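Letter 490 of the sequence shown, counting from 1, is numbered 490 in the working numbering, and no numbers are missing. Notes follow the structure.
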Amino acid sequence: MIFGYTDIKDYRDPTALFPQIQVNGISGGHVLLGTYMVGGIFNTRQRTFEFTDNVKIFKGNHGITIGTHNEFYKINFGTLNTWNGRFDYSSLNSFLLDNPSRMRALYSTIDNSRTTQFNEAANIGSFSIALTSAYIQDEWSKNKLTITYGLRADLPLISSDPNGATRKNFPVNPANYGTSFTYNNPSQISTHSFGQVYISPRIGFNYDVKGDKSVIVRGGSGVFTGRIPFAWIGYSFINNGSSYSALDISPKSGTTIAIPTDQTQFKAFASAYGSKNRTEIDLFDKNFSFPKMWRSNLAIDLTLGDGYKLTFEGIYTKTIKDVAIKQLNLKDSVAYASYDLNHAQPLYLAATAGTGNRVSNNFSSVYLVTNTDKGYRYQLTAQLSKSYPFGLSYFAAYTYGQSKDVLNGVRNAPESSWQLNQALNPNDPALTYSNFDIRHRIVATAQYKKSWGQRGLSYISLIYASQSGTPFTYAITSSNNLTKNGQQIDLFYVPKSTAENPYNLTTAQQQAFDQFIQNDKYLNSRRGQFTERNGARTPWNNQLDLRLMHDFFLKVGKRTNTIQLSFDIINVSNLINKNWGVYYFVPNTQNNSVDPGLSIVSRSVANGVATINGSYTTPNAKYSIDQFSSRWKGQIGIRYIF
């Protein structure tokens with residue numbers, strides 16, 4: 001039996017508290033200033049008690065394990081998104097002239113001081129969760145075959161329902177939906193997913209074909225139940241529609257409004273500028289299921305002559321239930337651009353605050369955490385190893401894999417997970433490459449070991465890792481005037497040629513945009529089509545490390561102790577050539593998105609067809625270089641082993 005207890009206190013105390021400022025149209029992208037919108041009020045505590053108890057019974061050819069694993073959480077989720085303010089500007093000049101395009105904040109009408117809300121939010125976001133499980137497994141062995149089969153049952157429990165009375169005021173009107181997206185009836189939304197038992201059967205085998213371990217075939221298949229970020233549950237307590245009010249105004253172009261920096265005056269500021277108190281609410285589908293995956297693998301291990309070992313393995317995972325998020329407060333009133341012949345990207349008809357018409361004006365955004373059955377991933381691996389009697393050994397492996405999903409779930413809030421999920425239709429996202437798509441990966445090691453008898457051992461090792469670049473998305477991040485659905489990122493149509501001008505750019509801008517497309521392998525392949533989430537990739541990342549190590553043997557009484565000295569050069573290839581070992585990446589600020597420099601200035605709609613006017617500035621760079629990882633580093637180690 002194993003018992004455990006952890007107590008984690010995580011909070012932020014900004015040295016300077018200022019609203020988050022986003023200035024668009026900067027070198028084909030945007031700039032963020034001030035305090036991060038989640039950093040103003042961030043006060044969380046998680047206390048966890050867990051225990052595991054396993055009983056093993058051996059009877060004949062059977063080895064039976066019966067056990068239980070349980071985790072009990074007490075969580076205070078004191079996080080207020082945009083409490084310090086989130087203010088957007090369409091250009092640098094607009095910022096300098098105090099002409100905001102949109103101003104948002106979440107505030108308390110009673111006492112919005114940081115001292116009060118730092119503690120109050122933690123109380124509002126207080127809840128308890130238990131993840132309990134029981135399992136039974138039998139390992140049956142006879143001759144050359146071992147079969148392992150079992151059954152696991154998971155039961156999640158929650159102390160209270162985050163869905164309060166205000167949430168139920170959201171109207172149920174299916175007439176507002178159906179063209180651009182659908183959703184499950186929210187009238188009975190609750191946390192029904194807690195309190196149901198999730199059954200997960202598994203089976204695996206290991207077969208020693210010849211009985212001498214020279215040929216082993218192994219594999220298995222089973223259902224696995226996962227979990228969701230508890231932060232999403234915490235936000236459903238915080239964003240309950242009652243505890244906090246919302247500031248959300250979109251001033252007319254050219255309106256001068258100084259940046260409000262005193263959060264205690266947000267209520268008065270909202271009243272002075274006519275902001276409606278429309279708050280966000282976060283909901284869970286009444287039929288929501290915890291993530292469930294079906295996973296299978298099959299492998300063969302071969303021990304060849306002369307010390308060679310060869311392995312082939314394939315792994316496949318299919319989504320049964322995964323998480324999807326929808327914004328329910330978007331009224332299904334849309335138009336489409338003339339180039340969008342298949343009506344793939346709905347352009348919402350704007351109302352107030354720069355977003356599409358609302359189903360209910362009593363709420364700003366209504367996010368529903370629901371499920372999808374779309375998604376899969378697989379990987380195929382081949383590896384070879386060899387050891388020589390004189391001390392040399394090596395290992396090499398190649399993996400090819402693909403991973404596709406509809407929501408990568410890398411954000412801590414339903415809102416940001418939806419807003420930063422790059423999709424033509426964010427309420428019905430297409431299945432496309434995941435943030436964690438591997439594609440190609442090569443790993444190789446080589447080691448030489450030299451024995452000096454009783455005096456010690458020397459080692460020299462090389463470790464090489466190479467992977468095809470990380471996936472990223474080409475999308476418009478410098479303005480949100482295209483779809484007007486509240487997203488922070490818009491996929492875009494790639495013109496067929498310079499002759500096609502879908503964004504009504506000037507001749508010079510059109511030529512610059514076409515040149516950028518022409519020089520990019522991915523964009524050039526998407527001519528006449530929309531960009532995709534994670535469709536592009538950075539260059540390959542390669543790294544070679546070197547380790548030198550020596551063991552000194554010391555006789556202490558009747559025992560031999562060891563003093564081990566080591567010297568590591570990490571990314572030694574960069575030491576050899578400054579242009580080698582460079583690490584490329586795309587910052588996760590906008591969920592690994594790269595802006596091609598395209599901004600949407602305005603759009604108009606006539607007879608259901610949208611005309612789009614834009615501007616273009618060639619960006620300074622497509623992706624970034626990790627300045628730390630792209631430099632060689634050395635470290636010295638000493639260890640005493642006794």
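Even for Gly, the Cβ is constructed at its ideal location relative to N, Cα and C. These numbers come from a predicted model, not from an experiment.
State the Cα-Cα distance for the pair residue 11 and residue 42, rounded to the nearest angstrom.
-> Taking the first residue of the sequence shown as position 1, residue 11 is located at position 11. Taking the first residue of the sequence shown as position 1, residue 42 is located at position 42. The alpha-carbon atoms of residue 11 and residue 42 are separated by roughly 5 Å.
Rounded separation between residue 204 and residue 394 - CA only = Along the sequence shown, read from residue 1 onward, the residue named residue 204 stands at position 204. Along the sequence shown, read from residue 1 onward, the residue named residue 394 stands at position 394. If I take the Cα positions, the gap works out to 30 Å.
Give the single residue among 477, 408, 447 and 605 whose Cα lies nearest to the Cα of residue 548.
-> Here residue 548 refers to the residue found at position 548 of the sequence shown. Here the closest residue by C-alpha is 447.
Put residue 475 into one of helix, strand or coil per three-state DSSP.
-> Position 475 of the sequence shown holds residue 475. Reduced to three states, the DSSP call for residue 475 is coil.
Can residue 29 and residue 478 be called in contact, C-beta distance under 8 Å?
-> Translated into positions along the sequence shown, residue 29 becomes position 29. Translated into positions along the sequence shown, residue 478 becomes position 478. The answer is yes: Cβ separation under 8 Å.
So residue 631 and residue 571 are in contact, right, with Cβ under 8 Å, and what is the actual spacing, rounded?
-> Translated into positions along the sequence shown, residue 631 becomes position 631. Translated into positions along the sequence shown, residue 571 becomes position 571. That belief holds up - the Cβ atoms of residue 631 and residue 571 are roughly 7 Å apart, short of 8 Å.
Would you say residue 559 and residue 471 are within 8 Å of each other, going by their C-beta atoms?
-> For the purposes of this step, residue 559 is identified with residue 559 of the sequence shown, where counting begins at 1. For the purposes of this step, residue 471 is identified with residue 471 of the sequence shown, where counting begins at 1. Against a cut-off of 8 Å, the Cβ pair of residue 471 and residue 559 comes out as no contact.
Give the C-beta separation of residue 234 and residue 365 to the nearest angstrom, bearing in mind that I take them to be a contact with Cβ-Cβ under 8 Å.
-> Here residue 234 corresponds to residue number 234 of the sequence shown, with the count starting at 1. Here residue 365 corresponds to residue number 365 of the sequence shown, with the count starting at 1. No, residue 234 and residue 365 are not in contact; Cβ-Cβ is about 17 Å, not under 8 Å.
3-residue-minimum beta strand (DSSP E) runs that sit fully inside the stretch 535 to 621, ordered along the chain = 541 to 556, 559 to 570, 598 to 606 and 609 to 616
Rounded to whole angstroms, what's the CA-CA distance from residue 610 to residue 24? Just pull it up for me.
-> Position 610 of the sequence shown holds residue 610. Position 24 of the sequence shown holds residue 24. Each residue's alpha carbon lies about 23 Å from the other.
Less than 8 Å between the CB atoms is what I'm expecting for residue 435 and residue 410, so what's the real figure, rounded?
-> Mapped onto the sequence shown, residue 435 falls at position 435. Mapped onto the sequence shown, residue 410 falls at position 410. Indeed, because the Cβ distance is near 6 Å, the residues count as touching under 8 Å.
Report the partner residues of residue 140 according to the DSSP bridge assignment.
-> Walking along the sequence shown from the start, residue 140 turns up at place 140. Note: residue 140 sits in a beta bridge opposite 62 and 147.
Can the beta-carbon of residue 153 be found closer than 8 Å to that of residue 199?
-> Here residue 153 refers to the residue found at position 153 when the sequence shown is read from its first residue. Here residue 199 refers to the residue found at position 199 when the sequence shown is read from its first residue. Taking 8 Å as the Cβ cut-off, residue 153 and residue 199 qualify as a contacting pair.
Residue 438 in three-state terms, based on DSSP | As a working note, residue 438 is residue 438 in the sequence shown. DSSP places residue 438 in coil when its eight states are reduced to three.
Residue 310 and residue 384 closer than 8 Å at C-beta | Stepping through the sequence shown from its first residue, residue 310 is reached at position 310. Stepping through the sequence shown from its first residue, residue 384 is reached at position 384. Taking 8 Å as the Cβ cut-off, residue 310 and residue 384 qualify as a contacting pair.
How many angstroms separate the CA atom of residue 623 from the CA atom of residue 401?
-> Counting from 1 along the sequence shown, the entry for residue 623 is found at position 623. Counting from 1 along the sequence shown, the entry for residue 401 is found at position 401. One C-alpha to the other measures close to 23 Å.
Going by beta carbon distance, what residues of the same chain come within less than 7 Å of residue 222, once the five residues before and after it are set aside?
-> Counting from 1 along the sequence shown, the entry for residue 222 is found at position 222. Counting only Cβ-Cβ distances below 7 Å, and skipping sequence neighbours, we find 200, 201, 202, 203 and 295.
Give every residue of the same chain whose Cβ lies closer than 7 Å to the Cβ of residue 575, excluding the five residues on either side of it in the sequence, and list them in chain order.
-> As a position in the sequence shown, residue 575 is number 575, starting the count at 1. So the qualifying residues of the chain are 569 and 632.
Other residues of its chain near residue 628: CB distance less than 7 Å, five sequence neighbours each side excluded = Residue numbering aside, residue 628 sits at position 628 when the sequence shown is read from its first letter. Cβ neighbours of residue 628 beyond the five flanking positions: none.
Three-way DSSP call (helix, strand, coil) for residue 455 in this model | To locate residue 455, count along the sequence shown from 1; it is residue 455. Residue 455: helix per DSSP, three-state reduction.
Can you list, in chain order, the residues of its chain whose CB lies under 8 Å from that of residue 535, leaving out five sequence neighbours each side?
-> Taking the sequence shown and counting its residues from 1, one reaches residue 535 at position 535. Once the five neighbours on either side are set aside, the close Cβ partners of residue 535 are 432, 433, 471, 473, 474, 522 and 526.
Do residue 273 and residue 108 come within 8 Å of each other at the CB atom, strictly closer than that value?
-> Reading the sequence shown from its first residue, position 108 is the one you call residue 108. Reading the sequence shown from its first residue, position 273 is the one you call residue 273. Not a contact, by the Cβ cut-off of 8 Å.
Supposed contact pair residue 285 and residue 643 - C-beta distance, whole angstroms, cut 8 Å = Beyond the ends of the chain as shown, which are 1 and 642, falls residue 643; an answer cannot be given.
Just the C-alpha distance for residue 440 and residue 318, rounded to the nearest angstrom, thanks.
-> Taking the first residue of the sequence shown as position 1, residue 440 is located at position 440. Taking the first residue of the sequence shown as position 1, residue 318 is located at position 318. Going from the Cα of residue 440 to the Cα of residue 318 covers about 20 Å.
Taking the C-alpha atoms as reference points, what is the distance between residue 316 and residue 323?
-> For this step, residue 316 is matched to residue 316 along the sequence shown. For this step, residue 323 is matched to residue 323 along the sequence shown. Straight-line Cα distance between these residues: approximately 19 Å.
Whole-Å CB distance - residue 68 paired with residue 134, under 8 Å assumed | One-based indexing of the sequence shown puts residue 68 at position 68. One-based indexing of the sequence shown puts residue 134 at position 134. Sure, about 5 Å apart at Cβ, within 8 Å.
What residue from 484, 490, 480 and 466 has the CA that sits closest to residue 539's CA?
-> Residue numbering aside, residue 539 sits at position 539 when the sequence shown is read from its first letter. If we check each option's Cα against that of residue 539, 466 comes out closest.
Rounded C-beta distance between residue 420 and residue 591? I'm assuming under 8 Å.
-> What you label residue 420 is simply residue 420 of the sequence shown in a count that begins at 1. What you label residue 591 is simply residue 591 of the sequence shown in a count that begins at 1. Confirmed, about 4 Å.
Find out if the Cβ-Cβ distance for the pair residue 130, residue 72 is shorter than 8 Å.
-> By 1-based counting over the sequence shown, the position of residue 130 is 130. By 1-based counting over the sequence shown, the position of residue 72 is 72. Taking 8 Å as the Cβ cut-off, residue 130 and residue 72 qualify as a contacting pair.
Cα-Cα separation, residue 444 to residue 387 | The residue labelled residue 444 in the question sits at position 444 within the sequence shown. The residue labelled residue 387 in the question sits at position 387 within the sequence shown. Roughly 14 Å between the two C-alpha positions.
Could you pull out every residue in the same chain whose Cβ sits closer than 6 Å to the Cβ of residue 403, ignoring the five residues on either side in sequence?
-> Within the sequence shown, residue 403 is the residue found at index 403, counting from 1. Contacts found: 377, 434, 436 and 437.
Return the first residue and the last residue of the alpha helix (DSSP H) that residue 523 is part of.
-> Here residue 523 is taken as the residue at index 523 of the sequence shown, counted from 1. Per DSSP, residue 523 belongs to the alpha helix (DSSP H) from 521 to 525.
Does the beta carbon of residue 623 come closer than 8 Å to any beta carbon on chain B?
-> The structure shown contains no chain B, having only a single protein chain.
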